[in-house]
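*Asks:* Chains as they are written, first to last, in our numbering: chain R, 9 to 322; chain P, -18 to 257. Ideal Cβ placement from N, Cα and C applies to all residues, glycine included. Since this is a predicted model, take the numbers as computed values, not measurements.
Here you go:
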């Protein structure tokens, strides 16, 4: 297990380096002078030169990458050109909206998908199964931002059950949670549909295994065999999907935040794009990619805990 | 193809998806009304006999806009799938032909890296650098399709490399390159078609999302995602503005997914034999 973890840790480090290089060079290949681009055509040469120095553009490519990457490692994300404050400070306030939103959605997605996936598999071919398969097919096809608009106009505007947007802050935990509930639900729905389908098909594969028949022959009830033998074995593909979904949820949160006017990383990144504040875009994208890579790492470790066979193979 | 149409899922899906492909094609020659003119007098009409789906805040006919919008969605999605197939499949085949080599490792780790970037983040990065446009949306979605097809063709090809007919081809002196294209590729076409259908539907969703947040097709090109974005502030008093573009997205995506699922079921018996 230790060797497995170390190997994964090494691959985590390499992925982070590769990702940071990729992001850095995509932003680097902008035609023209980034400083000029950010300041617009009316800027004086002095202002452009000042920004070039501030951005380290007067140094070589490798030196600049090193400056940026080593800064990231120390939590220094650079200074936003528009707001003249450290990007790290801007991120700190907003990450506590985006991250809880994605995690809340992940929780909802799992809570919705597990029971319906299990029911569909246990009662394969029944009307419940058909209902689940039809419903999840629809859930995958509905764009969540459209679903969000409908939910807001019905649940929030017409019936006033939820707030239509905004975020009160974590000083009022209950109000904050309530403000995140509808966005998280909307965000979770397509992912829950996918997860339920994976859960169902993975369980069906497991249920047809020999050891399931053995379990029943030993006198386990159908429910007992399902809980003690099938579920654990069916978890590997399900865990993969949960891990992947976190990255979709984190990225998807960017759109949903826009609809619900939530002050998260999403709205920050859009403002930064319109203001051409590339330092902010670069750093926030890197932060999100870091979160995704970290989650993939954690999922790999969880696998090995759930399934000892994977430890040996690695 | 005949067998596919015997499956109810495929037929229903085909009708749904084909309706929008047809609408997109017809829109090149004819739409009920123009989509670029502004007609403020007739703004925000509810659906009726003259404007089947109503009019938007500038008085443009929504039915016509959806027809032209289908063009944008389908074009973006098809080109994005094309990028994924044209770049991803050769990479996957090359990785499988030299399994375990440095090339294989390099290709697969590169794929992992792209997978770590959700498509939306790639799009954000690209638009931040090059500015928003339909072309950049295609690139963003297309890049994300590359690892999908590379992994799929590598996995499909690996199982084929152990088969007798490939061995026979090697004995007859064919190069790995020729075997990949003459023997492996035709045998993974089914896999690619199924995945292509699914990526196509994901591409439609992604294009809509990107246009919705303003990073996709720019005005005056109509696009379903931007129609939804435009409707957002008016949805409470003019729900038809959001209803029809949304339904267009749902029906196209649902149709493509139904087709993909049916095709997978159709091809599955063969896949199962391959695995043994």
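Closest Cβ-Cβ distance between residue 252(P) and chain R: below 8 Å?
*Replies:* No answer about residue 252(P) holds up, because its pLDDT of 44 lies below 50 and its placement is not dependable.
*Asks:* Given a cut-off of 8 Å, decide if residue 25(R) and residue 293(R) are closer than it, judged by their beta-carbon atoms.
*Replies:* No, the pair does not count as a contact, with Cβ atoms beyond the cut-off.
*Asks:* Using a threshold of 8 Å, state whether the C-beta atoms of residue 102(R) and residue 273(R) are closer than that.
*Replies:* Cβ distance < 8 Å, so residue 102(R) and residue 273(R) count as in contact.
*Asks:* In chain P, which residues lie with their C-beta within 8 Å of the C-beta of residue 100(R)?
*Replies:* Simply none; closest approach about 20 Å.
*Asks:* Exposed or buried, residue 35(P), counting other C-beta atoms within 10 Å across all chains shown (16 or more means buried)?
*Replies:* By the 10 Å Cβ count, residue 35(P) comes out buried.
*Asks:* Going by DSSP, what residue range makes up the alpha helix (DSSP H) through residue 269(R)?
*Replies:* That residue, residue 269(R), is in no alpha helix (DSSP H); it is neither H nor E in DSSP.
*Asks:* Where do the ends of the alpha helix (DSSP H) carrying residue 114(R) lie?
*Replies:* Its alpha helix (DSSP H) spans residues 95 to 130.
*Asks:* How long is the line joining the alpha carbons of residue 202(P) and residue 168(P), rounded to whole angstroms?
*Replies:* Distance between the alpha carbons of residue 202(P) and residue 168(P) is about 40 Å.
*Asks:* With a floor of 3 residues, list each beta strand (DSSP E) that falls wholly inside the stretch 194 to 237 of chain R, ordered by position along the chain.
*Replies:* List check, beta strand (DSSP E) in window: nothing returned.
*Asks:* Would you kindly report the start and end of the unbroken alpha helix (DSSP H) that includes residue 96(P)?
*Replies:* Where residue 96(P) is concerned, the enclosing alpha helix (DSSP H) stretches over 83 to 97.
*Asks:* Could you name the residues of chain P that residue 235(R) contacts, counting a contact when the two beta carbons are closer than 7 Å?
*Replies:* Ordered by position in chain P, no residue passes the 7 Å Cβ test against residue 235(R), which lies about 29 Å from the chain.
*Asks:* Give, in chain order, every residue of the stretch 178 to 198 of chain P whose Cβ lies closer than 7 Å to some Cβ of chain A.
*Replies:* Structure shown: chain A not included; protein chains present are R and P.
*Asks:* Applying the criterion that 16 or more other CB atoms from any shown protein chain within 10 Å of the CB defines a buried residue, is residue 86(P) buried or exposed?
*Replies:* Per the 10 Å Cβ criterion, exposed.
*Asks:* Throw me the rounded Cβ distance for the residue 185(P) and residue 54(P) pair, which I believe falls under 8 Å.
*Replies:* About 5 Å separates the two Cβ atoms, so the contact holds.
*Asks:* Which residues, in order along the stretch 125 to 151 of chain R, keep a beta-carbon less than 9 Å from a beta-carbon of chain P?
*Replies:* Listed by position, the residues of the stretch 125 to 151 of chain R near chain P (Cβ gap below 9 Å) are 145, 146, 148, 149, 150, 151.
*Asks:* Helix, strand or coil: which one does DSSP assign to residue 31(P)?
*Replies:* If DSSP states are grouped into helix, strand and coil, residue 31(P) belongs with coil.
*Asks:* Could you tell me the alpha carbon to alpha carbon distance between residue 209(P) and residue 48(P), rounded to whole angstroms?
*Replies:* Approximately 15 Å between the Cα atoms of the pair.
*Asks:* Is any beta-carbon of chain P found at less than 8 Å from that of residue 15(R)?
*Replies:* No, its Cβ sits nowhere closer than 8 Å to a Cβ of chain P.
*Asks:* Let me know if residue 287(R) comes out buried or exposed under the rule of 16 or more other beta-carbons within 10 Å of its beta-carbon.
*Replies:* Residue 287(R) is buried by the Cβ-count criterion.
*Asks:* Kindly list the residues whose CB is nearer than 6 Å to the CB of residue 254(P), restricted to its own chain and excluding five residues on each side of it in sequence; keep chain order.
*Replies:* Here residue 254(P) scores only 41 on pLDDT, less than 50, and its place in the model should not be relied on; the value that follows carries that caveat. Correct list: empty, nothing qualifies.
*Asks:* Which residues does DSSP list as the beta-bridge partners of residue 289(P)?
*Replies:* The question about residue 289(P) has no answer here: the residues shown for chain P are numbered -18 through 257.
*Asks:* Could you give the DSSP three-state label for residue -2(P): helix, strand or coil?
*Replies:* If DSSP states are grouped into helix, strand and coil, residue -2(P) belongs with the helices.
*Asks:* Any heavy atom of the ligand GDP closer than 7 Å to the beta-carbon of residue 188(R)?
*Replies:* The ligand GDP is absent from the structure shown, which contains no ligand whatsoever.
*Asks:* Quick one: residues in its chain with C-beta nearer than 8 Å to the C-beta of residue 247(R), no 5 flanking neighbours on either side, listed in chain order?
*Replies:* The answer, listed in chain order, is 307, 310, 311, 314.
*Asks:* Just checking, does the stretch 77 to 95 of chain P make contact with the stretch 222 to 235 of chain P on the three C-beta pairs under 8 Å criterion?
*Replies:* Not touching, per the Cβ criterion.
*Asks:* Cβ of residue 322(R) less than 8 Å from any chain P Cβ?
*Replies:* The predicted model places residue 322(R) with a pLDDT of 47, which falls under 50 and marks its position as unreliable, so this point remains unresolved.
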